[in-house]
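Chains as they are written, first to last, in this note's numbering: chain A, 1 to 201; chain B, 1001 to 1201.
Backbone N, C-alpha and C define an ideal beta-carbon position, used for all residues, glycine too.
It should be emphasised that the depicted structure is a prediction, and the values quoted were computed from it without experimental measurement.
2 protein chains.
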Amino acid sequence: MPERPGGRTARVRASVLRAAGDMLAERGFAALDLGELATRAEVGRTTVYRRWGSVAAVVADLLLEMAAESLPRADTGTLLGDLRANARLVVRTLTDPRQGALFRSMLAAATSDEATAAALRRFYTTRIAEWAPCVTDAVARGEVPADTDPEEVIRAVSAPLYYRLLTGTAELDETAADRAAEAAVVAAKAGVHRRGSGSPE
Amino acid sequence: MPERPGGRTARVRASVLRAAGDMLAERGFAALDLGELATRAEVGRTTVYRRWGSVAAVVADLLLEMAAESLPRADTGTLLGDLRANARLVVRTLTDPRQGALFRSMLAAATSDEATAAALRRFYTTRIAEWAPCVTDAVARGEVPADTDPEEVIRAVSAPLYYRLLTGTAELDETAADRAAEAAVVAAKAGVHRRGSGSPE
DNA sequence: CCGTTAACGGAACTACAGTCCCATTAAGGA
DNA sequence: TCCTTAATGGGACTGTAGTTCCGTTAACGG
């Protein structure tokens, strides 16, 4: 019994995911109804229910699709330059109407659906691993301590930006991006992000 | 036409919110069904639909209730001590079964419901304002630059903790709390969180 | 203590999300 | 090209979330 990923099946998936992206950008996660999604994708309602079965699953699939086209890390020669590029990329992504809506939805769906949460973790693990070499290189250049935890530094850049996205307590712009990068660099240089560092007294 | 906030009405509200908290802690946001909620609260289904009307509204009301009993800021004499106390409080809150589930739900609901998003912003604005004096005092003591943005520093403490809560990419424990506090202090001392600071070259 | 009426709650009703069945279509292999 | 069967999709079915109606209960004022 062979699998059939080609031809029609692929077209259906592409059509559904495109429609889902449109609907998320237009009206957000709560309005993503599978019946309406099927209509807009010009696909049978049964097909959508059979292949995905829930809104969370559609959103998770959409994330997989997007993860495939993630941008490569920067290499500007300094840690600050690299992390600033990363931070600005994150801000551009989160403020983009389609991608921003998608990320909000993903984060929302992941809080109640374990499969979506797993997809989300994979996504961030991959993304963080892609950018971690920026820190490794900075260690090689002697910019930061040798036992600096690369992943921790990358997370430190994104964290304030996601915090703003979710709480809406401050602007999410390039200034915020630059500040996030700068804070991460200063902390890393001070040795805050060394492996196993916690209560440093 | 007088309002009637007392007696039975208050009992109904308390009963519904308690049941909602239970259900969130047990099975999460997605499983919060208004019909079942009414049954568990021993309240008429009609009442729940009339007074709240949606899951997001119940969750928002629950947050208001909780905001009323938020803890006062610490005053340990040093910025690091104060921020560490704040960070540990945030971690305790987010890892508590009831409160953690509630916050996840709030954040999820806020991504698609504007009223919930507004309640969330109010909550964080209040909370951040409560802790901002820690930074103001640190300025007075000369620990950090005079034009340091107090709210920005407080947000910087919480951000990595919320990032971990949502992405699940790293542990959310006391070590993370201490590191978040330390990073915020180091960055603040270096002048990263000065008002209007963005691209500091 | 009594009357007014805001708020509650049971029950019937409605609409629609999600499922099931089965005929139709088209991938992929020989 | 033909055959097998994975995958699709229309349509009927069903369970249940959410609404409406209206009688009942109990706050609050006098």
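The alpha helix (DSSP H) with residue i in it runs from where to where?
| i | result |
| --- | --- |
| A:SER15 | 8-27 |
| B:VAL1055 | 1055-1067 |
| A:THR167 | 150-167 |
| A:ARG141 | Per DSSP, A:ARG141 belongs to no alpha helix (DSSP H) and is neither H nor E. |
| A:SER105 | 97-110 |
Going along chain A, which residues have a C-beta under 9 Å from residue i?
| i | result |
| --- | --- |
| B:LEU1107 | LEU107, ALA108, THR111, LEU166, THR167 |
| B:ARG1155 | PRO160, TYR163, ARG164, THR167, THR169, ALA170 |
| B:ARG1195 | Under the 9 Å cutoff, chain A gives no residues; its nearest Cβ is about 11 Å from B:ARG1195. |
What residue from the options has the CA that sits closest to residue i's CA?
| i | options | result |
| --- | --- | --- |
| A:LEU34 | A:ALA146, A:THR148, A:SER54, A:GLU152 | A:SER54 |
| B:THR1093 | B:ARG1045, B:THR1039, B:ALA1025 | B:ALA1025 |
| A:HIS193 | A:ALA87, A:LEU62, A:VAL157 | A:VAL157 |
| A:GLY23 | A:ALA38, A:ARG11, A:VAL12 | Note that residue 23 of chain A is Met in the sequence shown here, rather than Gly. Of the listed residues, the one whose Cα sits closest to A:MET23 is A:ALA38. |
| A:SER112 | B:LEU1165, B:GLY1007, B:ALA1181 | B:LEU1165 |
| A:ARG202 | A:ARG127, A:GLU174, A:ALA183 | Residue 202 of chain A falls outside the range modelled here, since chain A spans only 1 to 201, and no answer is possible. |
| A:VAL144 | A:THR47, A:PRO97, A:ALA188 | A:ALA188 |
| B:ARG1018 | B:GLU1130, B:TYR1163, B:LEU1102, B:ALA1181 | B:LEU1102 |
| A:ALA74 | A:GLY191, A:THR116, A:VAL135, A:MET106 | A:VAL135 |
| B:ALA1132 | B:VAL1016, B:ALA1109, B:PRO1150 | B:PRO1150 |
| A:ARG141 | A:ARG8, A:GLY77, A:SER105 | A:GLY77 |
| A:GLU130 | A:GLU69, A:PRO160, A:ALA118, A:THR116 | A:GLU69 |
| B:ASP1137 | B:LEU1161, B:GLU1036, B:PRO1097, B:LEU1080 | B:LEU1080 |
| A:ALA110 | A:VAL59, A:PRO160, A:GLY196, A:ALA159 | A:VAL59 |
| B:ARG1008 | B:GLU1036, B:GLY1021, B:THR1047, B:PHE1029 | B:THR1047 |
| B:THR1148 | A:ALA159, A:ALA115, A:ARG179 | A:ARG179 |
| B:ALA1067 | B:VAL1091, B:ARG1121, B:ARG1011 | B:ARG1121 |
| B:THR1169 | A:VAL139, A:LEU172, A:ALA170, A:ALA118 | A:ALA118 |
| A:ALA14 | A:GLU65, A:ALA181, A:PRO97 | A:GLU65 |
| A:ILE128 | A:ARG98, A:GLU182, A:PRO72 | A:PRO72 |
| A:ARG45 | A:VAL12, A:GLN99, A:LEU107, A:ALA146 | A:VAL12 |
| B:THR1126 | B:GLN1099, B:ARG1155, B:LEU1107 | B:ARG1155 |
| A:ASP82 | A:VAL43, A:ALA184, A:ALA31 | A:ALA184 |
Please classify residue i: does DSSP put it in a helix, a strand, or coil?
| i | result |
| --- | --- |
| B:PRO1200 | Residue confidence is low: B:PRO1200 scores 47 on pLDDT, short of 50, so the model does not pin down where it sits. No coordinate-derived value is stated. |
| B:THR1125 | helix |
| B:ARG1084 | helix |
| B:ARG1195 | coil |
| B:VAL1043 | coil |
| B:ASP1178 | helix |
| B:ARG1145 | In the sequence as presented, Arg is not what sits at residue 1145 of chain B; that position holds Pro. Coil. |
| A:ALA74 | coil |
| A:LEU32 | coil |
| A:GLU114 | helix |
| A:ALA190 | coil |
| B:MET1001 | Note that B:MET1001 has pLDDT 44, beneath the 50 cutoff, so the model's placement of it is unreliable and the number below is only indicative. If DSSP states are grouped into helix, strand and coil, B:MET1001 belongs with coil. |
| A:ALA170 | coil |
| A:TRP52 | coil |
| A:VAL185 | helix |
Taking residue i as the query, report the chain B residues whose CB atoms sit under 8 Å from its CB, ordered along the chain.
| i | result |
| --- | --- |
| A:THR148 | What A:THR148 touches in chain B: nothing, since even the nearest Cβ is about 12 Å away. |
| A:GLY28 | THR1111, SER1112 |
| A:GLU143 | Those do not exist, as A:GLU143 stays about 15 Å from chain B at its closest Cβ, beyond 8 Å. |
Tell me whether residue i, by its Cβ, gets closer than 6 Å to a heavy atom of the ligand HEM.
| i | result |
| --- | --- |
| A:LEU17 | For the ligand HEM, the structure offers nothing, since it holds no ligand at all. |
Identify the contact partners of residue i in chain B, using a Cβ-Cβ distance below 9 Å as the criterion.
| i | result |
| --- | --- |
| A:ALA119 | By Cβ distance, chain B contributes nothing, its closest Cβ being about 11 Å from A:ALA119, past 9 Å. |
| A:GLU36 | Simply none; closest approach about 15 Å. |
Just the chain B side, please: which residues come within less than 7 Å of residue i by C-beta, in chain order?
| i | result |
| --- | --- |
| A:VAL186 | VAL1186, ALA1187, ALA1190, VAL1192 |
Give the interface partners of residue i over in chain A, defined as CB-CB distance under 7 Å, in chain order.
| i | result |
| --- | --- |
| B:TYR1124 | THR167, THR169 |
| B:ARG1104 | THR111 |
Which whole-angstrom value describes the C-beta separation of residue i and residue j, a residue pair presumed to lie in contact below a C-beta threshold of 8 Å?
| i | j | result |
| --- | --- | --- |
| A:TYR163 | B:THR1167 | No, A:TYR163 and B:THR1167 are not in contact; Cβ-Cβ is about 12 Å, not under 8 Å. |
| B:ALA1177 | B:ARG1084 | 7 Å |
| B:VAL1186 | A:ALA190 | 5 Å |
| B:ALA1159 | A:PRO160 | 4 Å |
| A:ALA56 | A:THR116 | 5 Å |
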